[in-house]
Structure formats: C-alpha cells, structure tokens
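Q: One structure, as structure tokens, below. Some questions next.
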Amino acid sequence: MRADDYLHVRGESRYVDDLPEPEGLLHGALFHSPVAHGRLLGLDTSRALAAPGVHGIFTASDIPGENQIGPIVRDEPLLADGEVHHVGQPIAFVVADTVARARAAAALVEARIEEQPGIFDPREAQAAGALIIPSRTIEIGEVDEAWSRCTTIVEGRVDSAGQEHLYLETQASMSEPLEGGRLRIHAGTQGPTAVQRAGSGVLGLPMSAIEVEVQRLGGAFGGKEDQATPWAIMCALATHALRRPVKYSLDRSEDMVVTGKRHPYSSDYRLGIDAAGKLLALEVTYFQNAGSAADLSPAILTRSLFHGTGCYHVPNARITAHSCRTNLTPFTAFRGFGAPQGIFVMESAMAHVAEASGMDRVDLQERNLLRDGDVLPFGMSMERAHAVRSFGEAKQRFDFEGARARVDEFNATNKLKKRGLSLMPACFGISFTNRILNQAGALVHIYTDGSVHVATGAVEMGQGVSEKLRAIACGTLGVPTELVTIASTRTTTVANTSATAASAGADLNGRATELACQELRDRLEGLEGGAALTWQELVSLGYSSRVNLSAQAHYATPKLWYDKELEQGRPFAYHVFGTALTEVEVDCLRGTYRIESVRIVHDAGKSLAPDVDRGQVEGALMQGIGWMTVEELCYSDQGQLLSKDLASYKIPDLNASPAEVETHFLEDCDNPEAVLHSKGIGEPPLLYGIGTYFAIREAARAFRAEKQWCYSAPLSPERLMMFLHGEVARVPVTVYG
Amino acid sequence: MIRFLLNDTSVELERPAGELLLDTLRGPLRRTGVKQGCREGDCGACAVLIGELSGERLSYRAMPSCMMLLGHVEGRHVVTVEGLNPPAGLTPVQRVVAEEGATQCGFCTPGVVISLTSTLFGSTTASEAELLESAGGNICRCTGYMSFRRAARRLAADFGERPQDPVARLRELIQAGVIPPHFESAPAKLRKLRGASEGGDQPAGTTSSSADYGIAGGTDALVQRRVATHIDTPHFHHRPQGIDLIKMESGDCVLDASTTFEDLKRSETWRTIDSRAVRNMDLVASQLIRERATLGGNISNASPIADGVICLLALGTELELQGPTGSRQLPLAEFFLGYKLTALEEGEIIRRLRIPGGRRLRGFEKVSRRERLDIATVNSAACFELSGANFEGVTLSAGGVGPTPMLLKGAAAHLEGAAATPDRLRGALEIAQSEVQPISDVRGTAEYKRLLLRQLVLAHFVEALPDHGFEELCL
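So the sequences go chain by chain: G and X.
Take my numbering: the final residue in the first sequence is number 737, and no numbers are missing along the way.
Take my numbering: the final residue in the second sequence is number 475, and no numbers are missing along the way.
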C-alpha cells in the first residue's frame, strides 16, 4: 500500500476543489468562442458586468503583461484578441461571488464575430500550407534504391482518431493574493514551473512573485502538462487585479470542449520486404492534426518520427511529418506523446505486407525485431534491446502456439463467434526529446528527530512517483518508510522544474533525490564514531556537530544529444521493451467484442516499486485499448465537439476490461542509464493496447476473409459492423507485388 | 426545512429541496470525500449510501449524489465515505482496495469504496460477480480495473456467506469493522427525525401545478439540467410505502410507476415475465443508476432509445394515467406522439403499468458503443411463441431508429401465424427496414443503425430458437 492510498480510500486526499476556501473567495467562469474561426469584431461585457455578484470580467485588453502562453511557439494568446481559431477558445473570464452567478454572467457576454471558413482535416491544412512548424524528415539508408530489391511492396493509408484524457478530476486552480503584490497558485498542473513562467509573462511580474504549489492531481495523462496553464493564469489575472482569492474548477463538459486531446493522425505508408521476409524499405508521411495553436505539437511530432519504425529494424527508411494547423482546440500531450500514432501506422503496414506476401504476421514481426547495434532512422544505435527476448518469452510463457491452435479450433466450430490473437511488441524511448528538459532538482531535509522531508519537482498524479521517491530516499539513507515524507510540489523549494511527463518523473527526480540523500549520508557517516550509531543517534550527532542536515541536488541526464539540422543523435537515455499477447472474441451477429485476456512480458528494469509498476502497466494498457476501440471524438462539420460529455464519449468501464491481464516483468534486466537500474513505466505499456485492434481484426477476418480492411481507429462497434456486414471499406488500400 | 441523517449526525437545513445533493454535501456540509466527476451519473465518483427506513429496519443502497435532490433524502440516512471511516485505520473494504492497488490518483476511490460496501450490506452472498456489478458504475481512468477484479475476488472470499437476517447482517458488518457502530443507532435517529418533520413527504400521487417540475428518480431530469445547481420548484413523485411495487393481479402483471430497474432485476415476479431479467437489466445503465431510475420516468421522458420502454412496448403494456380530474387507461404504444412528445395532459402523471397476462419477453437486444453504462445505438425487444411450427403472438419493438420508441408492426404481422423459417424471417427483416427512419448522430450513422436493427431483430430468433437455421441469415 502506498502512503497516499490510506488517504484516498478514506476520502481524505485533497484536490484543488477540496481545499478549504479562503475568506473572500471568488469564482471564475469562462466565455469562450462559439465558432471555429472568425474575426472578433467586438465584445460587449456590460450586461455581464451588471449581473448580480459579479466582481470583474477580464478580456485580452485587461492583461498587464504579454497576452501569450504558447510554450514552444509564441502563437497562443491567453484570451482571444482580434480573432478566434477554435470552438472553446477563451475570450473572457468572469469572476463572481458564487459559481452559479459567475456562470450566469458569462452567458451574458456578447461577442460579435465575423465567421470565416474553418479547416478541420490535417491533409487539407497541409495542402493549404497551414503548418505549425516546417515539415521534418528523418532518413536512413537508400530508400529510393531499395524498392527495386523488394519482392512485396504495399502502400496505404492509416487514420487514428484523437482521445480525450478524461482525468477524473477536471482542470482546476485557485489563486490567492500574498503581501506585496505577490501571489500563490494552487494549480492542478503537471508543470508548476510552466504555470509560474506563463503567469510571470501574462502578469508582467518576476517569476519570484508567483508561487505555484501542487499537492496532487486526480489523473492527468498529459492533459495537464501544458493545458492546465490557462486556467491557473486566468485565476492569477483576476487575483492580481482584485486582490481576492479566485477559484476556477471546470465543469466536465466545458473541460471536454475547451481542452486539447491526443492528436488525430492521418498517415500514408509504403513498406517493402524481400523474399526472406526482411523489412527492406519504408516510407511514411504523417499528417498530424495539431489544432489551432502549436501547444506541444512540435515535440509530439518529434516522438512520432523517432518511433516511426516501431519495434522493428528497417535499414532504409524515410519518415516525414507535417504538423498541420486546423481550427480545432489545440491537441496536446497524452500518454505516449505521438509514439502510439506512429507505431500504429507501422503495425498496420506490417499486417498489410504480411498478408500481401502470404507470410505469417507473427513470423514477420519476430524476424524484424530490433537487436543491439541496429541503427534507428535518426542515427541512434540500439543498446540493451530486449525486443527479441520479450517477444520470445511472451510466445513461450503464454503458449502462443497452443493458443493459436485453440483459436483455430474455436473458429472452425463456431459460426457467429470468432476469436482472434495478436502479439504486440513495444519499444519506447525514455527522455524528453528536448534535451534541456532532462534535468531535475531535489531538496532533502533531515530534522533533528530523524524524520526526513523530500521535495522534488515531481507531481503526484496517481502514477506513484512519490512512492518511488520514498523508496529511493529510504534505501539511500537507510531509514524506514515511515520516517520519510514526500512534500507537495512547490516552485519555492525546487525551482525551474520540467513537467512531470515523458515517463521520466521518477528517473529524473529520483536520481536527484538519490544524489541529495547520498550527500547527507556521506556528511553523517564522515563523522567520527558515526558508524556504530542508530539513525536517530547519528542525526543527533550531526546536529550537535553543526553538520548541514539539508542537501540540494541537481541531476542532468548524461550522453543525450541531437542535431536538428542533420536529424541525427542520441535523444534517449534508453528504450523500454515488452510484448503483449491479446485474445479477443467477436460477436459477428451483433458486431461487438470482448477482450478475453492480455498477457504481457514487460521490461521494467529493476523495479523500484513492482506493485506501482504493475498498476501502471494495467492502466496504460486499458487506455491504449480505449483509444483503439470505444473512445471516439465526434465533431460537427463546423468544428463543434459533439461527444462532449460522459454520455457520448465512452471510456472503458469495468465490464469492458479484459477478463484477465497477466503481467510478467522480464527478469535480470539491468539499466545503468536510470536510477537504481529502474526504467520509466508510464507510457510504454499503452502500446500494448494496439494489440487489441489487431486481435479484433484477426477475429473479424476469420468471419470475412475476403473483404478489404480499412486501417482506421478506433475500431468501434460501428466500424466493426460495417466491416462484417456493411458495404466496402471506406478508405482504399492498394497492394503491389 | 430538510431533515436527514448524515453519517452519525442529524442535520436540519434551511435549503431548497431542489438543491443537488452533491452540491450540499461538498459545499455547506464540507464532505469533500464525495467527488464531482461528471454531474450526469456516468462516473460514480459522487456515490453515497442511502439508507431508507421501511418498518423497523433500514436498507442501504449506493446511489449517485449528482442524480439526487435534497428533497430525495428527506428523512433518510446519507452515508459518505467519511461516515465509514474508523477513527484510525481502514475498513476491510478500504484495506482491500488499497492493498490490491485499486486506487491510483484516488479521485474515483471514495465512490468505489461506497459501491463495494453497499454490496456487503445488501447481499447475503456478496459474490465476486455481485461486487463487480456494484462497482460497474464507477469509472476509473488510472487502474485499468484489474485491481478492482482482485479486490472483488478477495472481498468475496472474506465475506462470502452472510446471515439472511438483515439485522444480524448489520451486526456482523459492524463487528467486522465494515461499517462503524453508529449505524446501529441510525433507525432510532431516523424515527426521531421523522417525528420532528412537519408534513413529511408529499403524499404519493398528488398532482402538481404546471409550473412545478415533476421528478421521480431524477436520472433523466437531472442529466438534462446538468450544469444547473438546483431545480426551482420540484415536485417529488416518491415511492409509495408498504405496497408491492410489482405484483400479479388477475393474471396481469401490475407495476407501480416508481418501480426502479433494480427492483425489476431483483423481483421474482418479474422473472416470470422476463426469464433473463438479470442479464437484460445489467445492460441498462449501471447499478448506481438503476437504483434511482424508474419505469415511469423512463416512459415519460419519451427518449427514442429508452431500454425499459422497448421491453414494455413489446409486452403490450397498458398505462394507467392519473390527472387532476381522474384516471384513464392508455396503451403504451399510443403514448408517444413524436420526438419527446407524449400524450400526457397537464397535471397528469403515470401511476401504474399493466402487462396483460400470458405475455413473456423472448428477447431484449441492445448494442451501444460500450456494452454497459451507455445509451443504446439501437435496441429491440421481442415477444413470440411457437404454435407447432408456426409463430404466434409476435410483437417486435425497436429504439434508435425513429423519433419515438416504436413497434415494428409490419414485420411482426409478416411472421404472425407463419412458419418459423429463415425465408419467412428474411422477409420480416426486409419489412422492418421499411418501417424505420434512423438518423445519423453521435451514436452512429443511419446506415449503421439500419444494419444494427436487422442484426438485433435477427438475434432474437437466433438466440431463442437455435435449431431453426436462422443463423444462416447472418453469414
């Protein structure tokens, strides 16, 4: 049991909206753009301002500093100014004495908007030259020359839809005035420093005038990495002007409309193999639907490029990526960060080429798995690759051949029910692809009673990073668990932090914690006569000897480099591997499916907390399954989100979860590149969810072998039904060779 | 003045009866263990235990506090997670949830604890399946639910066989630490509260003025007014006390309009109408919602895809409507006049439902994006018998394929009296297509809904008559 779990099950964990309300608290509400694209000709806030209980309305013209919050490209105003670029874009922030009055007043704001046509399709945007950043290509080998040596070449199109984070706690922030014009923000963010930095720019205050604190998040999954910022800054803007505390907690449906989601991708592929079943050449083009502003899209595009060949070695590859500007809410980080989209394209191409060549798909996969020394298209050479090992172990441990025989037998004897299997290998690079972000700090205090306080930049959002930090501190200092407290995340104790993201939270902050604890340990053990003492005695001796019982440490991941001109480098500290075996059953009468089992071999290095890691594998798997199956964002042709509540946007529930999930951690895996030989865990297992797509596809093809498949996700009951009993596939797939 | 028992304390509030229970609990009462996840009954984070006094004893059910108004809990026991907490340490349910890793970010967790605890109250078996079903309405985005399954398995093993007698069961739960000792004094406290309340409940069946907002379980009404913090002038249609809600009356099955879906699922009488009631009811919403949602509400809301209505239509249900000047009978099939438009006149409410004797539900089919806790894309129900080799008594209903729930009269007529053969059924399926007019919306394209209708009507016959070769129509 993790320390936080005690509070969770008693309902005593506090989230932003649960904090005791400070005296004089005001509540915020948002007026946002009702249209996807237009010129903002005028704004009338007079009726709203006159509404009961209203204390202020803030628009672009009320911003004392710079109206800009774009983290990578400076293309995103906090509040719309002159133009609106997506439905839900914030225009005005209304502050009143109750939530109901703030909302009622926000509904009275009137905007005169001259509507303009919107673009919602990334391919259309690219054709119109609407790009967030210049397109990028990474390349290895001689692609153009390699096609002539291929015996089978396939090409086609793959589409994957976006995905709503659906953190159970909606976005929320509360700001309060401090003396001297300073202020504090309790923000529901993965990136306290990002909020502090953006707040500083918007308010025109030094960063030192803004304190940001995060106790915990009720789930985030990337959705609060960058997109927690605007709500925190709006509260701060009002607090700064009114010198009153202000809280803004988004309503669920509002949250779904105004915040970004996983990027939809539309992609083209061409893949060729030789007669021996070796991958020879690959060409892929991604059209990333970035939405109306850059947000984190360029970084997400980078990760798609770096994972474009999936878990496989392709000697000749050219991967191009366009980040396309459309009139939808800016899409943002979501567990996997662009890698799942790229890997789904690769797995689709693999399935296609296997069937076109008559090869067994599993054989083809196994033959081409990454091995040590294989070079990825951006020049990184594989080290400690466990792809072959985990694939082989999954096949053997879970008796893949036996399962295949059982499924074949089942399909031969059942007319309306069919089963399908898939093996899904995962390979995921760990580190922020932006080298600068790979640094972290820790501040550790030992109090005179021997208790220990650890502060880092890591934000606890359910992923268990606190538990890992505690394990590291306990292990390094040699103290029992109950002596160690993990502090809330505050910009005043650890500064200039990177967001807790990229599966690197424990790697970076854990290593910094280890360094700080080692420093303290060294100071204490260096004392004369210290060796024979208990911890409490040692601490007392340290204090009376006037030893500094606090230590601050900083860690920067070594050996990382990337040359963006050459598109070559070593952007990752290491890779995580694993393989999932998925079995599903399709009801061919009703066009529905059940996931029978998912059995996973996963490389977690030497786990710092095996229970936490198992929970991460199971949770990420389910999110991956949701993305591939039932979760579907639905928009009107005017760019209005239609699936904007839990009645219309469905994430997997208990009943939809596999009857059985077995996770086996690969044994004897060292990893000198991360703290205590552990490995990042948050994102890689999401890739296993892709296996469900291909297992359902196998089952469906057992019912309709002759029909063309359209590589489009999510594979909702509707898409499955249209394949089983409807007219032909909607997107053409071409076969050569 | 609203009076109820909150955890171990009686509360009297000068607040409107139309205020959302969730808002009162989190706001003025500061029970922040109750979480707000969606405000539409679709996540379970705000679940609380509601104890209701009937005779000498209290029975407890888990319900979503976002689907209830203050007026709903007048004179009842409301238990939040704070009311389960021992002074220090954890209850067995809390311990199992924590130890099996069924909590990560913690936001859905209090609701999960409430749901699982409710099963230990209500069930004499507390099987793994029952425990899982009770938590089926608790959406978790972190864990992937495997830990929920582990927790349910362990609780079933620890609490498998329970005393039949509810009082003994309560004592045992207190002894085991599942609930704190204050539960024992709850009935006495509630009786005292009831004595104190002037008027109490509005008498069942009173008519309302047209300005009032009639509300029964609230699971549709409150979803439609999701963002609102209260309903101005609610008129509560409370469940009548001390009568059988579901009973046989001269061969007919008669149901009170306040019958909930969970009542149906539990009713032995209903099982004589629908032998697959447990499977069928599990396809409707979640247990949390089924405890609230009533048949009367399901009908009067007039949604084109109402699951209950689809079953009742096929069963040939007659409605008893009561208005200011008296009551009248109306076949359910004549109740829906258009999209969300009903034959209810001003001040009129649905009192009772009558299912003619001898009707048996032969099939209920529903496909939605997610199998559970979802709104049907298309649903359908069927009644039919075989007389020799021929069909008789055929009725087919369908939802999601037109502006109202509907009977497929042409398709049913084509089968009536005809031989039960694939050819005949093929003809009926074709006729059904001519009877419906689905539209494309967020639940699916019109094209898909047509296909689904065909498959679901076919499914009734494939399932009920497996040896008649109907499956060839699917290949």
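Ideal Cβ positions, reconstructed from N, Cα and C, are used throughout, including at glycine.
When DSSP labels each residue in this structure, what does Y649 (chain G) get in the three-state scheme?
A: Translated into positions along the first sequence, residue 649 (chain G) becomes position 649. Coil, per DSSP.
Q: Quick one: using the 10 Å Cβ neighbour count with 16 as the cut-off for buried, is R61 (chain X) buried or exposed?
A: Indexing the second sequence from 1 puts residue 61 (chain X) at position 61. R61 (chain X) comes out buried.
Q: If you pair each beta-carbon of the segment 76-96 of chain G with each one of the segment 318-331 of chain G, do three or more pairs fall below 8 angstroms?
A: Cβ pair count under 8 angstroms is three or more, so yes.
Q: Which one of G:H27, G:I72, G:L633, G:E583 has the shortest CA to CA distance from I436 (chain G)?
A: As a working mapping, residue 436 (chain G) is identified with position 436 in the first sequence. Among G:H27, G:I72, G:L633, G:E583, the Cα nearest to that of I436 (chain G) is on G:I72.
Q: The alpha helix (DSSP H) spanning V612 (chain G) covers which residue range?
A: In the first sequence, counting from the first residue as 1, residue 612 (chain G) sits at position 612. Per DSSP, V612 (chain G) belongs to the alpha helix (DSSP H) from 610-628.
Q: Whole-angstrom Cβ separation of R10 (chain G) and G464 (chain G), contact assumed at under 8 angstroms?
A: Start at 1 with the first residue of the first sequence, and residue 10 (chain G) comes out as number 10. Start at 1 with the first residue of the first sequence, and residue 464 (chain G) comes out as number 464. Not confirmed; about 18 angstroms, so no contact.
Q: So, D670 (chain G) versus H664 (chain G), is the Cβ gap smaller than 7 angstroms?
A: As a working note, residue 670 (chain G) is residue 670 in the first sequence. As a working note, residue 664 (chain G) is residue 664 in the first sequence. Contact flag unset, no.
Q: I think M63 (chain X) touches A45 (chain X), with their Cβ atoms under 8 angstroms apart; what is that distance to the nearest whole Å?
A: Taking the second sequence and counting its residues from 1, the one referred to as residue 63 (chain X) is at position 63. Taking the second sequence and counting its residues from 1, the one referred to as residue 45 (chain X) is at position 45. Not quite, the Cβ-Cβ distance comes to about 13 angstroms (not below 8 angstroms), so this is no contact.
Q: Could you pull the DSSP bridge partners for H32 (chain G) from this structure?
A: Against the first sequence, residue 32 (chain G) aligns to sequence position 32. Bridge partners of H32 (chain G): G:P90.
Q: What's the gap between the Cα of D668 (chain G) and the Cα of E482 (chain G)?
A: Against the first sequence, residue 668 (chain G) aligns to sequence position 668. Against the first sequence, residue 482 (chain G) aligns to sequence position 482. Those two C-alpha atoms are separated by around 30 angstroms.
Q: Report, in whole angstroms, the separation of the C-beta atoms of A432 (chain X) and L415 (chain X), which I expect to be a contact under 8 angstroms.
A: Position 432 of the second sequence, counted from the first residue, corresponds to residue 432 (chain X). Position 415 of the second sequence, counted from the first residue, corresponds to residue 415 (chain X). About 10 angstroms separates the two Cβ atoms, so there is no contact after all.
Q: To the nearest angstrom, how far is the alpha carbon of G308 (chain G) from that of S431 (chain G)?
A: For the purposes of this step, residue 308 (chain G) is taken as the residue at position 308 of the first sequence. For the purposes of this step, residue 431 (chain G) is taken as the residue at position 431 of the first sequence. Their backbone Cα atoms lie some 17 angstroms apart in a straight line.
Q: In the DSSP assignment, find the unbroken alpha helix (DSSP H) run with F306 (chain G) in it and report its ends.
A: The residue you call residue 306 (chain G) lines up with position 306 of the first sequence. F306 (chain G) -> alpha helix (DSSP H) spans 297-306.
Q: When Cβ atoms are compared, which residues of the segment 131-146 of chain X fall closer than 9 angstroms to chain G?
A: Going along the segment 131-146 of chain X in chain order, one finds L132, E133, A135, G136, G137, N138, I139, C140, R141, C142, T143, G144, Y145, M146 with a Cβ nearer than 9 angstroms to chain G.
Q: Provide the residue(s) that pair with R331 (chain X) in DSSP beta bridges, ordered along the chain.
A: On the second sequence, residue 331 (chain X) is found 331 positions in, with the first residue counted as 1. Note that residue 331 (chain X) is Pro in the sequence shown, not Arg. P331 (chain X) is bridged to X:E318.
Q: For G70 (chain G) and A294 (chain G), which I take to be in contact (beta-carbon distance under 8 angstroms), what is that distance rounded to the nearest angstrom?
A: Residue numbering aside, residue 70 (chain G) sits at position 70 when the first sequence is read from its first letter. Residue numbering aside, residue 294 (chain G) sits at position 294 when the first sequence is read from its first letter. So it is a contact: roughly 6 angstroms between Cβ atoms.
Q: Enumerate, from N- to C-terminal direction, the unbroken beta strand (DSSP E) stretches of 3 or more residues contained entirely within the segment 316-343 of chain G.
A: For the segment 316-343 of chain G, whole beta strand (DSSP E) runs of length 3 or above, ordered along the chain, are 316-325.
Q: With 7 angstroms set as the bound, which would you pick, yes or no: does the beta-carbon of A656 (chain G) sit closer than that to a beta-carbon of chain X?
A: Here the question's residue 656 (chain G) lines up with position 656 in the first sequence. Chain X, which has a Cβ nearer than 7 angstroms to the Cβ of A656 (chain G), makes this yes.
Q: If we define contact as Cβ-Cβ less than 7 angstroms, is R252 (chain G) a contact residue for chain X?
A: Position 252 of the first sequence, counted from the start, is the residue given in the question as residue 252 (chain G). Closer than 7 angstroms to some Cβ of chain X, the Cβ of R252 (chain G) qualifies, so yes.
Q: Between the Cα of G75 (chain X) and those of X:R3, X:S368, X:G444, spot the shortest distance and give me the residue it belongs to.
A: Counting from 1 along the second sequence, the entry for residue 75 (chain X) is found at position 75. Cα-wise, what sits closest to G75 (chain X) is X:R3.
Q: Against C108 (chain X), what residues of chain G qualify as contacts under a CB-to-CB distance less than 9 angstroms, listed in chain order?
A: Along the second sequence, read from residue 1 onward, the residue named residue 108 (chain X) stands at position 108. By Cβ distance, chain G contributes L168, G218, G219.
Q: Could you name the residues of chain G that Y339 (chain X) contacts, counting a contact when the two beta carbons are closer than 7 angstroms?
A: Counting from 1 along the second sequence, the entry for residue 339 (chain X) is found at position 339. Chain G residues near Y339 (chain X): none, gap ~18 angstroms exceeds 7 angstroms.
Q: List the residues of chain A whose Cβ lies closer than 7 angstroms to the Cβ of L469 (chain G), in chain order.
A: The structure shown has no chain A; the protein chains it does contain are G and X.
Q: Which of the three DSSP states, helix, strand or coil, is assigned to D467 (chain X)?
A: The sequence position of residue 467 (chain X) within the second sequence is 467, counting from 1. Helix.
Q: T413 (chain G) lies in the alpha helix (DSSP H); which residues open and close that run?
A: Sequence index remark: in the first sequence, residue 413 (chain G) carries index 413 (1-based). Its alpha helix (DSSP H) spans residues 400-413.
Q: Please classify L475 (chain X): is it buried, with 16 or more other beta-carbons within 10 angstroms of its beta-carbon, or exposed?
A: Translated into positions along the second sequence, residue 475 (chain X) becomes position 475. With fewer than 16 other Cβ atoms within 10 Å, it is exposed.
Q: Distance, Cα to Cα, A333 (chain X) vs T317 (chain X)?
A: Sequence index remark: in the second sequence, residue 333 (chain X) carries index 333 (1-based). Sequence index remark: in the second sequence, residue 317 (chain X) carries index 317 (1-based). Cα-Cα distance, rounded: 8 angstroms.
Q: Spell out whether any CB of chain X is found under 7 angstroms from the CB atom of L621 (chain G).
A: One-based indexing of the first sequence puts residue 621 (chain G) at position 621. True, the Cβ-Cβ gap to chain X drops below 7 angstroms.
Q: When you compare the CB positions of F398 (chain G) and P684 (chain G), do they come within less than 7 angstroms of one another, or not?
A: Counted from its first residue, the first sequence places residue 398 (chain G) at position 398. Counted from its first residue, the first sequence places residue 684 (chain G) at position 684. Result no, Cβ atoms of F398 (chain G) and P684 (chain G) do not sit closer than 7 angstroms.
Q: If contact means a Cβ-Cβ distance below 8 angstroms, which residues of the segment 643-654 of chain G contact chain X?
A: From the segment 643-654 of chain G, only S643, D645, L646, A647, S648, K650, I651, P652, D653, L654 have a Cβ closer than 8 angstroms to chain X.
Q: If you scan the segment 206-283 of chain X from start to end, which runs of the beta strand (DSSP E) of 3 or more residues do you find wholly inside it?
A: The segment 206-283 of chain X contains these whole beta strand (DSSP E) runs: 213-215, 234-236, 246-249, 252-256.
Q: Could you name the residues of the same chain whose beta carbon sits closer than 6 angstroms to that of T493 (chain G), not counting the 5 residues immediately before and after it, in chain order?
A: Walking along the first sequence from the start, residue 493 (chain G) turns up at place 493. Once the five neighbours on either side are set aside, the close Cβ partners of T493 (chain G) are L443, A455.
Q: Give the DSSP-derived three-state secondary structure of D563 (chain G) in the structure shown.
A: As a first step, residue 563 (chain G) is located in the first sequence; it is residue number 563 there, counting from the start. If DSSP states are grouped into helix, strand and coil, D563 (chain G) belongs with the strands.
Q: Is there a C-beta anywhere in chain X that falls below 7 angstroms from the one on M461 (chain G)?
A: Taking the first residue of the first sequence as position 1, residue 461 (chain G) is located at position 461. Yes, because at least one Cβ of chain X sits closer than 7 angstroms to the Cβ of M461 (chain G).
Q: Would you kindly report the start and end of the unbroken alpha helix (DSSP H) that includes F694 (chain G)?
A: Indexing the first sequence from 1 puts residue 694 (chain G) at position 694. 690-703 is the span of the alpha helix (DSSP H), which, as asked, contains F694 (chain G).
Q: Tell me whether R521 (chain G) sits in a helix, a strand or coil according to DSSP, three-state version.
A: The sequence position of residue 521 (chain G) within the first sequence is 521, counting from 1. Three-state DSSP puts R521 (chain G) in a helix.
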